[in-house]
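> Okay, handing you the structure first.
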Amino acid sequence: MKFRVERDALADGVAWTAKGLPARPSVPVLAGVLLRVTDNVLHLSGFDYQVSSEAEVPVHADADGAALVSGRLLAEITKALPGKPVEVAAIDAHLELTCGSARFTLPTMPVEDYPTLPALPERAGTVDATKFAAAVAQVALAAGRDETLPMMTGVRLELNGPSLALLATDRYRLAVREIEWQPDQPEVSANALVPARTLADTAKTLGPLGGELVIALAAGAAEGMIGFAAGDRRTTSRLLDGANYPAVRNLFPASHTAQARVPVAALTEVVRRVSLVGERTTPVRLAFSGDGLVVEAGGTEEARASEATEASFDGEEPMTLAFNPQYLLDGLSALSEPTAVFSFVEPGKPAVLAPATEEGEIVPGYRYLIQPIRVVR
Amino acid sequence: MGRSQAMARERDDRFGPAADDTGCPILHVDMDAFFVSVEVRRRPELRGLPVVVGGIGRRGVVSSASYPAREFGVRSAMPTARARALCPQAVFLPPDPPAYAAASRTVMRILQDATPLVEPLSLDEAFLDVAGAARLLGRPVQVAALLRHRIATELGLPCSVGVAPTKFVAKLGSARAKPDGLLVVPAGLVREFLQPLPVAALWGVGERSAEALRRVGLRTVGDLAHAPIGQVRSAVGSAAAEHLHELAWGRDPRPVDPELVEKSVSAEVTYDTDIADPLAVRRTLLALAGRTAGRLRASGQVGRTVAIKIRLADFRTVNRSRTLPNPTDVAREIFATAWSLFRALAPADPIRLVGVRVEGLGPADGAAQQPALGAPAHGWRDAETAADAAAARFGPAAVRPASLLAGGALTRQSSVARGARTRGEDSVSQGGDSGGPG
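For the record, the sequence lines run as chains A and B. Quick note: to get the numbering used here, add 1 to the position in the first sequence (first position is 1). Quick note: to get the numbering used here, add 1475 to the position in the second sequence (first position is 1).
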């Protein structure tokens, strides 16, 4: 195997395939990225039995062939190379990489030990890559990071005709985003629970490429695999078992008794400042009234902080709720509109955050439900 | 305690109650054979007899032995079976942790009458700084005598007190005073007191460090004090070396800190026979989670990190922990995490011991509970608090998870291990169940 390739194309392709590779794999070859050259195309593959990633990069090939090298090392090297064409050659048990006057020799692993990657499941439809990436980012932040409840570490995709809904919850907050997509079968009705971290990484890389993103879902849920493809990149991921995923949409209250509208940027800054006096999970109290909003944190004995900020409040009685500051900031960061609309039922009940225009008009499609903290006195 | 037995037993007048206590504001109060003393108090017929409190199962361990039992060589942390062999005529009693906790509270209350600067080390010992009590109660020796008198007459429990310029010397002093004694280490005699002692007398020197120090020829505290620091470093590393050197000269700047509270709460069980059935482990974890959560609630604390400890038949010990998104004192949450950790571990070999520990403790009052979305207004926490109240009235078996009925995981496995308190620098991080040998 011997080829010449543009530095950026190589670095991007390697970064994509190496990103999910395990640091301590069960078998050494799984720490590798496989390079295979045929017909002036370099195929890159990474696989850890949960997630597979592939990329294709056009090259000038002098000789076809394949080599398996440490993915992390190759990714770090290609990222650090100067912006010049890269010469790559497999010589005996080594991979030689030359770029300008820099030269690297990497040991290779036996190609024949590398597992076969799963095929991309059957194509289900396409979605705008940029919109999908934004939607994933808005939702994945609400997923759990705690393996105690594996189901909560996923983002649930619900494909219903032209609607694609994404849901995630760690039991304390719940984010739901609905966007449009183009299903291959108009009557499609399917869902999939995708590991949130994998989905977020995938979306973050594929989103900026723009264009269409193919969603591929194994027909029977038993197959347990989803695939995404855009341009010359593709990835597959095992699904989490979502058979018992709770009917979380029912958690949204049917109506509200009060609403408040607050500028997102101002409130974000206030919450960040005020929450400095507490620990990570020390609640911030939001007191809404006709006079506006007062944000407070801290107790009587410890450090305290409070700050008033503008808010328009529509309700009979003032409304005071306490939130985990990070949960609140996550919700605010996901709104992607200038105004946050809080809808309340009563202080102990979950509040809904929704994005709105400058004028306070709710922009449908995204909702963030957050359970207030109960302060025991 | 155990160590004190090895030390000189004669009462040395230089360190008696009449010694000069100027510059000796630190008291170390240590209850004598605490668990046994509590048992003897309610069964006076046992007074003067060899009495052993400990797990009475096949693999039980001695928690506390009366002084008559110690005459036969019985020691805390010794397998109960060995204690039986050494002293078959002893009265063996299973531990009654609630009784000891209650007795401990009454002791601490008396100590706090003397000064708010009380730093409990465990159920049965505490440091006091009585410098501020001089005007009300008198000199440190007078305070020490008063406390001993009150604890003996009001509570019927014996204790020993060390009076010294620093914490660790006071602790050595109380050990030397045992049983039922009072010892003063005058500021001017600290070196004379310390330097003949074996290096193992110093805080932070366990068996391994002592062995390492012995290998470079340092056997006594005096050897250590006069050795070049490089020689100490070569034995125990540089961080420990500086520290031990300071201690060897009697320097210990740590103040008595009443805020120094438990850093973790834990409970563990040693099975009578090794078990391989994960469902049996599951029941144990459920019971241990209930116990740790109950103690968290009783002490008004919540914890962020749940850890499990699994000891396999071949004594390999594995610890796994996970930090929760929100601090908790709810058994159900502690159990869910512990069980998940255990399932991820999936040990192939039979299991000897299972433990649950909650760390990252903070005060629960004023604290905030983050309920889950859709959780009922009265959730598991309320249910468990109600169970606490029922247990307080009707006994610990009043309300239990259904899978623990019919003999219950813990009642069958009688040997509830009481983790030994760490003797090192971290000895203030009491493992919860570790009342320590009494």
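Just so you know, even glycine gets a beta-carbon here, dropped at the ideal spot from N, CA and C. Source: prediction; values computed, not measured.
1. Starting from D185(A), find everything on chain B with Cβ-Cβ shorter than 9 Å and list it in chain order.
2. Mind checking which residues open and close the beta strand (DSSP E) that includes S238(A)?
3. Do A1716(B) and V1707(B) have their beta-carbon atoms positioned less than 7 Å apart in this structure?
4. Check for me: the beta strand (DSSP E) holding M1553(B) runs from which residue to which?
5. Looking at the structure shown, is G1607(B) part of a helix, part of a strand, or coil, going by DSSP?
6. Starting from the beta carbon of R1797(B), find every residue of chain A whose beta carbon is closer than 9 Å, and list them in chain order.
7. Please report whether the beta-carbon of V376(A) lies at a distance below 7 Å from any beta-carbon of chain B.
8. Measure the alpha-carbon distance for T206(A) versus D1732(B) and round it to whole angstroms.
9. Checking the sheet assignment: what are the DSSP bridge partners for C1634(B)?
10. Going by Cα to Cα distance, which pick from V1691(B), V1636(B), G1656(B), P1825(B) is closest to Y1746(B)?
11. Counting C-beta neighbours from all protein chains within 10 Å, is the total for L1754(B) 16 or more, i.e. buried, or is it exposed?
12. Distance check for M1583(B) and L1885(B), CA to CA, integer angstroms please.
13. Run through chain B and tell me which residues come within less than 9 Å of Y173(A), C-beta to C-beta.
14. In the DSSP output, what is G1837(B) paired with across the bridge?
15. May I have a chain-ordered list of the beta strand (DSSP E) segments no shorter than 3 residues that lie completely inside the stretch 289-339 of chain A?
16. Assuming H95(A) is part of the beta strand (DSSP E), what are its boundary residues?
17. I want to verify the contact list: residues of chain B whose CB lies under 8 Å from the CB of L420(A), in sequence order.
18. Comparing C-alpha positions only, which one of T170(A), A176(A), E113(A), P163(A) sits nearest to V189(A)?
19. Would you say P284(A) lies against chain B (beta-carbon separation less than 7 Å)?
20. For the candidate residues A103(A), E159(A), S290(A), whose alpha-carbon lies nearest to that of R250(A)?
21. So, with DSSP's three-state summary, where would you put P247(A)?
22. For H61(A), name the three-state secondary structure that DSSP assigns.
23. Against A1811(B), what residues of chain A qualify as contacts under a CB-to-CB distance less than 9 Å, listed in chain order?
24. Can you give the beta carbon distance from G14(A) to V60(A), rounded, assuming they're within the 8 Å contact cut?
25. In angstroms with no decimal places, state the Cα-to-Cα distance between V271(A) and N161(A).
26. Do you know offhand how far Y323(A)'s Cα is from S276(A)'s?
27. So, do the stretch 116-133 of chain A and the stretch 40-51 of chain A have three or more beta carbon pairs nearer to each other than 8 Å?
28. Thinking V1756(B) and V1833(B) are a contact (beta carbons under 8 Å), I'd like their distance in whole angstroms, please.
29. Select from L1502(B), A1788(B), T1581(B) the residue whose C-alpha is nearest the C-alpha of S1635(B).
30. Give the single residue among D202(A), E148(A), A298(A), K3(A) whose Cα lies nearest to the Cα of H95(A).
31. Tell me whether Q372(A) sits in a helix, a strand or coil according to DSSP, three-state version.
32. What residues match up with R1797(B) in a beta bridge as DSSP calls it?
33. Name, please, each residue of chain B whose Cβ falls closer than 7 Å to the Cβ of A323(A).
34. Step through the CB atoms of chain B and report whether any lies within less than 7 Å of the CB of Q51(A).
35. Between E55(A) and the rest of its own chain, which residues show a CB-CB distance below 6 Å, the 5 nearest in sequence each way excluded?
36. In angstroms with no decimal places, state the Cα-to-Cα distance between M110(A) and A1843(B).
So, from the listed chains and residues:
1. Position 184 of the first sequence, counted from the first residue, corresponds to residue 185(A). Under the 9 Å cutoff, chain B gives no residues; its nearest Cβ is about 35 Å from D185(A).
2. To locate residue 238(A), count along the first sequence from 1; it is residue 237. Start and end: 234-239.
3. Taking the second sequence and counting its residues from 1, one reaches residue 1707(B) at position 232. Taking the second sequence and counting its residues from 1, one reaches residue 1716(B) at position 241. In contact: V1707(B) and A1716(B) (Cβ atoms closer than 7 Å).
4. For this step, residue 1553(B) is matched to residue 78 along the second sequence. Unbroken run through M1553(B): none, as it is neither H nor E.
5. One-based indexing of the second sequence puts residue 1607(B) at position 132. DSSP, read as helix, strand or coil, puts G1607(B) in helix.
6. The count along the second sequence starts at 1 and reaches residue 1797(B) at position 322. Under the 9 Å cutoff, chain A gives D147, E148, T149.
7. By one-based count along the first sequence, residue 376(A) stands at place 375. Yes, V376(A) counts as interfacial toward chain B.
8. Working through the first sequence from its first residue, we reach residue 206(A) at position 205. Working through the second sequence from its first residue, we reach residue 1732(B) at position 257. Taking the straight line joining both Cα atoms gives about 52 Å.
9. Your numbering for residue 1634(B) matches position 159 in the second sequence. Looking at the DSSP assignment, C1634(B) forms a beta bridge with M1506(B).
10. By 1-based counting over the second sequence, the position of residue 1746(B) is 271. Of the listed residues, the one whose Cα sits closest to Y1746(B) is P1825(B).
11. Working through the second sequence from its first residue, we reach residue 1754(B) at position 279. Burial call: exposed.
12. Reading the second sequence from its first residue, position 410 is the one you call residue 1885(B). Reading the second sequence from its first residue, position 108 is the one you call residue 1583(B). Model confidence at L1885(B) stands at a pLDDT of 47, short of 50, so the residue's coordinates are unreliable; what they give is reported in the following sentence. L1885(B) and M1583(B) have their C-alpha atoms some 29 Å from each other.
13. The sequence position of residue 173(A) within the first sequence is 172, counting from 1. Result: P1800, N1801, Q1845, P1846, A1847, L1848.
14. Taking the first residue of the second sequence as 1, we reach residue 1837(B) at position 362. Looking at the DSSP assignment, G1837(B) forms a beta bridge with V1777(B).
15. 293-298, 306-310, 313-315, 320-324
16. Within the first sequence, residue 95(A) is the residue found at index 94, counting from 1. Per DSSP, H95(A) belongs to the beta strand (DSSP E) from 95-100.
17. Outside the shown range of chain A, which is 2 to 378, sits residue 420(A), and nothing can be said about it.
18. Locating residue 189(A) in the first sequence gives position 188, where the first residue counts as 1. Considering only alpha carbons, the answer is P163(A).
19. Taking the first sequence and counting its residues from 1, the one referred to as residue 284(A) is at position 283. Closer than 7 Å to some Cβ of chain B, the Cβ of P284(A) qualifies, so yes.
20. By 1-based counting over the first sequence, the position of residue 250(A) is 249. Per the Cα distances, E159(A).
21. Indexing the first sequence from 1 puts residue 247(A) at position 246. Coil, per DSSP.
22. For the purposes of this step, residue 61(A) is taken as residue 60 along the first sequence, with counting starting at 1. In this structure, H61(A) counts as strand in the three-state DSSP scheme.
23. Within the second sequence, residue 1811(B) is the residue found at index 336, counting from 1. Near A1811(B) (Cβ distances below 9 Å), the residues of chain A are T149, L150.
24. Here residue 14(A) refers to the residue found at position 13 when the first sequence is read from its first residue. Here residue 60(A) refers to the residue found at position 59 when the first sequence is read from its first residue. Not a contact, Cβ separation roughly 10 Å.
25. In the first sequence, residue 271(A) corresponds to position 270, counting from 1. In the first sequence, residue 161(A) corresponds to position 160, counting from 1. For the pair V271(A) and N161(A), the Cα-to-Cα distance works out to about 39 Å.
26. The residue you call residue 323(A) lines up with position 322 of the first sequence. The residue you call residue 276(A) lines up with position 275 of the first sequence. A quick correction: the sequence has Ala, not Tyr, at residue 323(A). Taking the straight line joining both Cα atoms gives about 12 Å.
27. yes
28. As a working note, residue 1756(B) is residue 281 in the second sequence. As a working note, residue 1833(B) is residue 358 in the second sequence. That pair is no contact at about 18 Å.
29. One-based indexing of the second sequence puts residue 1635(B) at position 160. Closest option to S1635(B), Cα to Cα, is L1502(B).
30. Stepping through the first sequence from its first residue, residue 95(A) is reached at position 94. Checked all of D202(A), E148(A), A298(A), K3(A); the closest Cα to H95(A) is K3(A).
31. As a working note, residue 372(A) is residue 371 in the first sequence. Coil at Q372(A), not helix or strand.
32. Position 322 of the second sequence, counted from the first residue, corresponds to residue 1797(B). Note: R1797(B) sits in a beta bridge opposite V1781(B).
33. Within the first sequence, numbered from 1, the residue matching residue 323(A) stands at position 322. Simply A1843.
34. Locating residue 51(A) in the first sequence gives position 50, counting from the first residue. Chain B contact via Cβ: absent.
35. Sequence index remark: in the first sequence, residue 55(A) carries index 54 (1-based). Cβ neighbours of E55(A) beyond the five flanking positions: S46, R235.
36. Counting from 1 along the first sequence, the entry for residue 110(A) is found at position 109. Counting from 1 along the second sequence, the entry for residue 1843(B) is found at position 368. Cα to Cα, the separation comes out at about 53 Å.
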